[in-house]
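Letter by letter, the sequence shown follows residues 163 to 649 of our numbering. Note that CB positions come from ideal geometry on N, CA and C, so glycine has one too. Quick caveat, the model's predicted, so the values are computed rather than measured. Okay, so here's the structure we're looking at.
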Amino acid sequence: MTRRLLLSHLSLILLVLLALEVPFGVLYARSEVARFSRTAEQGAMTLAEVCEDRMEHGLTTDLPDLAVAYGRRTGGTVLVADRRGVVLADTAARAVVGEDLSAEPDISTALHDRSTVGTRRTAPADSEFLVVTVPGGSSPAVACVVRTVYALGPLDARVHTTWLFLAALGLGVLAVASLIGLALARSITRPVRALERATAQLAEGRITDPPATDRGPAELRRLAASFTRTATRLQHLLQAQQAFASDVSHQLKTPLTALRLRLENFEPHLAPCAQDSLDKALGELERLSRMVQGLLALARLENTEIRAAAADLDAVVRDRADIWTAFAAEQQVGIVVCGGTSVPVLAVPGALEQIIDNLLSNALRVSAPGTSVTLAVVTTPADGTRTPPVTELHVTDQGPGMTEAERHRAFDRFWRAPHADHDGTGLGLPLVRHLTRAGGGEVTLEAAPGGGLDAVVRLRHADCRERHDRPVTAAHVAAAARPAPVR
């Protein structure tokens, strides 16, 4: 913004300078040429009158000395011709005394009692000269002709010097205007920069340097005051929500545990016909406990800051597959690991384990005996359509799968597929999505080629690290409870 304001200010100043200096420079150059031409013409006419007077008194031999003296005084060359156009004197030695020049245009015009003033270029230097040719004579008959020639180089040098002075003056004005404009632009944009810093701090979770409400234009002062009130209110709301999540985590655990103990104490005193109802009550209580833990975990993820770090996806996949193999064997389901990558990926510390655990738990819930769950790691190189490169983790089962509409709703909180177990909480996949996005990745559900469901987790490479909008600390992720993941 400062740059744009400064450029606008300088553009206006530059237009004003051009509108003033260019016409002045052109007018000065033309006036100098006109003044020089008038002076040369008046001097030539005076010399012509002197030459006429000398010729009337028979002092023609004095004309060469007179022409030389005039040329030295004025810095030009002088040619004097009689009434027939015959050269009497030439200080430039271009014409021989006695040579007839009556055929030349300017001499012929002067012999007809008319003066001429013009410029002429001469080779080889291609220099420009001012040529003034005037008739001499106070009577109707022309007694002589005087031609004076002046080099225009000194005049051009003065004009060029004036142009350079105007350019230097313009640059000086621009420099001063730049300093003034920069100071003004910074004074205008300083409140905007303060608002930008405060906005970035608010995105990080806390404003440590609120914008000043007594600086800058009135509109920006009002904006800063409104922003400060809004940010303060948001901070209070976030703190209240975090305090609520913390209080709930402590207040609900104790009554739920006590309720479970009381229900279990009823078991010896219940009739056999009521045992099934007790088991269902204990199951619902367990489901309620997992739901509370899942909500608290999501609340911690949404209200804290996360920073992703490099992680070895292959090592985590192998470790989780080894841990889940025994549980899968009890259900007569195999776990197959294939593919791999040597490139570290970006993930929140501890998030990969929770992501794989949730997805494996989901896959095993719907896998029939004799089937298998595949963990495949595929690296996708960078190309023209995907930047930066990503590594994909595929968790594929051979279960009933989901329709397209169900796959779109699977990440909604508390949503469960129609064929899902009734003891699920519907919070597993939302937690997976939050953990994946916290590391800058994405997760989708796709139909497996041979039937079933393919959960695809796309993770960015660690060498493409960028700053995320929602950083979370490892302590909060590790503290997040693992709810029972279901679709």
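Proximity winner among the options, relative to residue i (alpha-carbon distances)
i    : options                   : result
R377 : G590, I369, L357 and L364 : L357
D275 : R282, E515 and V296       : V296
P267 : L341, V293 and Y232       : V293
L250 : D227, A490, V321 and G445 : D227
V619 : V557, D476 and G237       : V557
E566 : T606, T542, P372 and R469 : T606
R599 : L421, F573 and L314       : F573
V308 : V242, A337, T278 and R569 : V242
A206 : Q401, G187, V311 and T375 : V311
M564 : G603, A609 and L591       : A609
T278 : V505, R391, A231 and S199 : S199
I497 : L508, P511, I518 and V507 : I518
S504 : V354, G238, D625 and R283 : D625
T361 : H171, L385 and L341       : L385
A257 : T239, I350 and E515       : T239
P562 : G612, A513, F489 and L555 : G612
L621 : L508, L593 and E568       : L508
G501 : V354, L555 and A374       : L555
L423 : A443, T236, A405 and D224 : A443
N524 : V495, V510, P511 and L421 : V495
P531 : V552, A490, P511 and L400 : A490
A272 : V478, R245 and D318       : R245
A254 : G247, H570 and R234       : R234
P373 : P379, L174, A380 and R355 : R355
I350 : L514, E381, D262 and C435 : E381
D559 : R482, W325, E568 and A617 : A617
Whether residue i touches residue j by CB criterion (8 Å)
i    : j    : result
Q107 : S529 : The requested residue 107 does not occur in the structure, where the chain is confined to residues 163 to 649.
Q397 : R368 : yes
A303 : E214 : no
L344 : L168 : yes
L440 : E429 : yes
G602 : A470 : yes
V535 : L526 : yes
Y190 : L209 : no
A339 : L172 : yes
Q516 : L597 : yes
A313 : F327 : no
T164 : R383 : no
L221 : G332 : no
P511 : H623 : no
E211 : G298 : yes
P506 : A477 : no
L263 : G237 : no
L514 : W486 : no
G187 : T324 : yes
L537 : A483 : yes
T370 : T390 : no
E194 : R352 : no
Per DSSP, cross-strand counterpart(s) of residue i
i    : result
I497 : V535
H623 : V507
V249 : A243
L328 : For L328, which the question treats as bridged, DSSP gives no partner whatsoever.
D109 : For the chain, the structure presents residues 163 to 649; residue 109 sits outside this window and is missing.
V618 : H556 and T606
R283 : E290
T392 : For T392, which the question treats as bridged, DSSP gives no partner whatsoever.
T541 : T553
Proximity test, residue i beta-carbon vs the ligand NAP heavy atom, cut-off 7 Å
i    : result
R276 : The ligand NAP is not among the ligands present in this structure, which contains no ligands whatsoever.
Boundaries (first-last residue) of the beta strand (DSSP E) holding residue i
i    : result
P267 : Premise fails: P267 lies in the alpha helix (DSSP H), P267 to L273, not in any beta strand (DSSP E).
R469 : Here R469 belongs to no beta strand (DSSP E), and DSSP marks it neither H nor E.
A313 : C306 to A313
H556 : V552 to T558
R276 : From DSSP, R276 is part of no beta strand (DSSP E); its letter is neither H nor E.
E290 : S289 to G298
First and last residue of the uninterrupted alpha helix (DSSP H) at residue i
i    : result
H596 : G590 to A600
D227 : L225 to T236
F186 : T164 to E218
D519 : A513 to V528
E608 : First-last for E608: E604 to A609, but that is the beta strand (DSSP E), not the alpha helix (DSSP H).
H570 : E566 to R571
Neighbour flag for residue i against chain C, beta carbons, 8 Å
i    : result
R348 : The structure shown contains no chain C, having only a single protein chain.
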